[in-house]
Structure formats: C-alpha cells, structure tokens
Amino acid sequence: MTKKREKIHNKLKQEQPILFHSKEECCGCLACVAICPMQNITVSVDEEGFEYPVISGEKCVKCNSCISVCPLKIK
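Letter 18 of the sequence shown, counting from 1, is numbered 17 in numbering that gives the first Met the number 0, and no numbers are missing.
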C-alpha cells in the first residue's frame, strides 16, 4: 500500500469528532459550523431556543478542524 493510500485508510478508520457530550458543554458560538470544510455540521435548536452543532457522519473527513476551533475544547 502506498503511503498516500495508507494515510487515507488510517483517516477513514478514525472516529468522528465529538464536539460535546451534552449540550451544556457547548457555548453556541458555532465556530465549528463555519470552519467545517465539508459543510457537514448543521445547527439544531432545542426546546429552549438554544442553537447547537450536530455533525452528520456522512461527509465528515475527520480533519478535526471543528475540535481545534472550539473555545471550550471538551476533555
């Protein structure tokens, strides 16, 4: 397997990024929505009107830009 193919294969095996475990861990800045190169993060609104990001796994390339731009960076 070439190095380029191996890199792509390893990236596909990675987990989808987790922005937060519960909505309370999100400040709602939506920086992750703006930075996603695949436009794969949508905005949902809860019953209280709070906007929070949701990653759809379909187009996620697992670049983790959403994690790096997050001001709260979950642990």
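Where is the CB? At the ideal position from N, CA and C, for every residue including glycine. As the structure is a prediction and not an experimental result, all values here were calculated from the model.
C-beta contact flag for residue i and residue j at 9 Å
i          : j          : result
residue 60 : residue 50 : no
residue 66 : residue 72 : yes
residue 76 : residue 31 : No answer is possible for residue 76: it lies beyond the span of the chain, which begins at 0 and ends at 74.
Proximity to residue i [Cα-Cα], best of the options
i          : options        : result
residue 34 : 64, 15, 55     : 64
residue 21 : 68, 45, 30, 38 : 45
residue 38 : 54, 17, 28     : 54
Three-state secondary structure assigned by DSSP to residue i
i          : result
residue 14 : coil
residue 43 : strand
residue 57 : coil
Burial state of residue i, where buried means 16 or more other Cβ atoms lie within 10 Å
i          : result
residue 36 : exposed
residue 70 : exposed
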